[in-house]
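Q: I am attaching a structure below and will ask some questions about it afterwards.
In the working numbering, the protein residues as written are 193 to 256.
Here's what the structure looks like:
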């Protein structure tokens with residue numbers, strides 16, 4: 193257990209919010225090596241898993 197890596201930042205999730213946070217950290221000169229990014233799938237969160245087949249111009253009424 194001596195070789196445990198310590199991170200300054202942790203982001204949980206790789207959905208839209210998680211990707212936004214990662215982008216903001218990097219834009220604010222946080223080094224990638226200081227960020228731990230956790231997600232079970234890295235498939236753009238629920239958006240990629242559940243709604244990946246919905247085209248970008250689909251109306252809300254069609255999805256709900």
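Glycine residues also receive a C-beta, built at the ideal position from the N, C-alpha and C atoms.
Note that this is a predicted model, so its numbers are computed, not measured.
1) Can you tell me whether residue 224 is buried or exposed? The criterion is at least 16 other CB atoms within 10 Å of its CB, across all chains shown.
2) Among 242, 237, 241, which one has its Cα closest to the Cα of residue 205?
3) Which one or two residues does DSSP pair with residue 202 in a beta bridge?
4) Could you give the distance in angstroms between the alpha-carbon of residue 242 and the alpha-carbon of residue 234?
A: The short version:
1) Here residue 224 refers to the residue found at position 32 of the chain shown. Burial is judged here by how many other beta carbons sit within 10 angstroms of a residue's own beta carbon; residue 224 has fewer than 16 and is exposed.
2) Reading the chain shown from its first residue, position 13 is the one you call residue 205. When only C-alpha atoms are compared, the closest one is 237.
3) If you number the chain shown from 1, residue 202 lands on position 10. Note: residue 202 sits in a beta bridge opposite 228.
4) By one-based count along the chain shown, residue 242 stands at place 50. By one-based count along the chain shown, residue 234 stands at place 42. Distance between the alpha carbons of residue 242 and residue 234: 13 Å.
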